[in-house]
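First comes the structure, then the notes that go with it.
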Amino acid sequence: MDVEFRSTGIYLPQIDLWLDNTEPCAATWISHGHSDHARGCHGKVIGTSTTLRFYRIRLWLAEGVEEPELYSLEYGERMDWNGARLTSYPAGHILGAAQLLIEFAGERLVYTGDIKLRPPLCGSQTEVIPCDRLIMESTFGLPIFKLLNRDEAIEKIVQFARACLAEGVSPVFAGYALGRGQEIVHVLCQAGIPTAVHGAIAKFIPAYEENGYAFPSWEPYQAKATTGKALVVVPAHGNILEAAGKNVRLAYVSGWAALDNARTRSGAEELIPYSDHGDFDELLTLACGSGARHIDVVHGYTAPFARILKSRGHSAAAPERVSLHTDIEAEG
Ligand SMILES: [Zn+2]
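FYI, the numbering used here numbers position 62 of the sequence shown as 877, with every residue one higher than the one before it.
What follows is the structure, given as structure tokens:
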């Protein structure tokens, strides 16, 4: 199957389908709801119903702009597309995130989008899909990245929150607006900890509730009412709170917290190296377990990770293209 790696996304010319195109196009698969994937006013969009929901929340439809035709493809469902068969599978990254299997002319191609193999805090656990060709991400594709599993992350988040509150300090967790933010709120609520949530994160909570995740003890964040609560805010806001002289302590929940200089870079006291991306060992397991004859690495530490795969006997490449992510540290 021909694959074209373009600056705005990946194009499959024989079946006229884009993968995660960030610019308006005729038809694209959207792997998940993060803003660097779910964007652009396209003609047709395929994704899981949860991803399509996030996409619609993000899409700012100006007056007179036609809404895209939306085709939902739930986990395990198949659809025919221009002579190919498409099947979606969980990607474990955020709620609704999916891998896409494309079967065409006897070849199986899998596009992972952003992925993690270990069970996520919210969302479905993924599986490794056998394929002939794999297009995968490598956000944390260096051996230095060893991340916590979900139970270890839950313990650290709850312990830090309780320790701060016992001392009369408000714990602040900075989380990406979609995914990490709701996961942290969910963990705190499940532990019965009163939690105030920034609006950018709170607006996605109803979608999580509809997928069966309970958030019993949260309230909207108010600057004047932070005492006795855990605060979950977007990353920039955490430092604003501290700079304003609030009685807070910051926790940094991110794969980037695994780096030696994370404390200096984040300004956080507590480092919790947990991510919605797989760590190095998970990425290797995915690449090796797929059985792919060729692997393209398209995001993150692409060149070093492709070199590591080649050193282990795989055919692998890091195709030249502009990164899908405008800021690779915006997410992780
Ligand atoms: Zn993502």
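Cβ coordinates follow ideal geometry from the N, Cα and C atoms, glycine included.
Heavy atom of ligand 1 within 7 Å of residue i beta-carbon
i	result
His775	As shown, the chain starts at 816 and ends at 1147. That puts residue 775 outside it, with no answer to give.
Glu1129	Per the sequence presented here, residue 1129 reads as His, with Glu not at that position. His1129: no, Cβ never under 7 Å from ligand 1.
Asp929	yes
His849	yes
His1114	no
His1052	no
His1013	no
His1001	no
His852	yes
Beta-carbon proximity list for residue i, same chain, < 6 Å, skipping 5 on both sides
i	result
Lys971	Ile1087
Ile861	Trp844, Tyr886, Leu888
His1140	In this prediction, His1140 has a pLDDT of 48, which is less than 50 and means its spatial position is unreliable; nothing more can be read from the coordinates.
Leu949	Val925, Ser1105, Ala1107, Ile1110
Leu1161	Outside the shown range of the chain, which is 816 to 1147, sits residue 1161, and nothing can be said about it.
Ser1081	Tyr1067
Glu1162	In the structure as shown, the chain starts at 816 and stops at 1147, and residue 1162 therefore has no counterpart that could be examined.
Tyr933	Inspection of the sequence shows that residue 933 is occupied by Arg rather than by Tyr. Same-chain partners within the cutoff: Asn964.
Pro905	Tyr890, Ser939, Thr941
Gly956	Leu1098, Gly1115, Tyr1116, Phe1120
For residue i, three-class secondary structure by DSSP
i	result
Thr843	strand
Tyr886	strand
Arg948	strand
Ser903	strand
Arg873	helix
Tyr1023	helix
Gly855	coil
Ala1045	strand
Ala1145	The predicted position of Ala1145 is uncertain, since its pLDDT is 49 and thus under 50; no value can be drawn from it.
His1052	helix
Ser864	helix
Ile1123	helix
Asp835	coil
Ser1105	coil
Ile909	coil
Phe1095	helix
Ile959	coil
Ile830	helix
Arg1136	coil
Ala1066	strand
Arg933	coil
Ala1083	coil
Ala1168	Since the first residue shown for the chain is 816 and the last is 1147, residue 1168 is missing from the structure and cannot be characterised.
Ala1118	helix
Ala1072	helix
Sequence-distant residues of the same chain with beta carbon closer than 7 Å to residue i, five excluded per side
i	result
Ala1133	Val1112, Thr1117, Ala1118, Ala1121
Val984	Asn1062, Val1063, Arg1064
Asp1142	At Asp1142 the pLDDT is 41, less than 50, meaning the model places this residue with poor confidence and gives no usable figure here.
Ala1010	The question names Ala, yet the displayed sequence has Thr at residue 1010. Contacts found: Val1000, Leu1003, Cys1004, Ser1032, Trp1033, Lys1044, Ala1045, Val1047.
Asn995	Reading off the sequence shown, one finds Arg at residue 995, where the question assumed Asn. Val1068, Asp1091, listed in sequence order.
Leu1124	Ala1102, Ile1110, Ala1131
Nearest to residue i (by Cα), restricted to the options the options
i	options	result
Phe960	Ser1081, Glu1097, Ala1006, Ser822	Glu1097
Leu1099	Asn836, Ala853, Ser953, Val880	Ser953
Phe1095	Gly1128, Leu832, Arg977, Ile930	Ile930
Gly1128	Gly983, Leu980, Leu910, Cys1103	Cys1103
Ile872	Arg995, Ala899, Gln974, Gly848	Gly848
Ala899	Ala913, Glu882, Glu918	Glu918
Val973	Ala1006, Thr941, His1114	Ala1006
Pro1035	Pro1021, His1013, Thr941	His1013
Trp896	Tyr870, Ala1040, Arg854, Leu827	Leu827
Ile1008	Ala978, Ile1020, Ser1126	Ala978
Ala853	Ala968, Gln1037, Ala1017, Ala913	Ala913
Glu892	Thr927, Ile830, Leu915	Leu915
Pro986	Ile969, Thr1041, Gln940	Thr1041
Met951	Leu834, Arg1078, Ala1073, Lys859	Leu834
Same chain, Cβ closer than 8 Å to residue i, neighbours up to 5 away in sequence not counted
i	result
Glu1144	Annotation note: pLDDT 43 at Glu1144 (below 50); position unreliable, coordinate value reported separately. The residues are Trp1071.
Tyr1023	Leu910, Cys937, Gln997, His1001, Phe1030
Val943	Leu932, Thr1100, Leu1101, Gly1104, Ser1105
Ser864	Ser887, Glu889, Gly911
His1052	Ala989, His1013
CB contact check: residue i to chain C, cutoff 8 Å
i	result
Tyr904	Of the chains in the structure shown, none is chain C; there is only one protein chain.
Entirely enclosed beta strand (DSSP E) segments - the region 964-1016, minimum 3 residues: 985-989, 1010-1012
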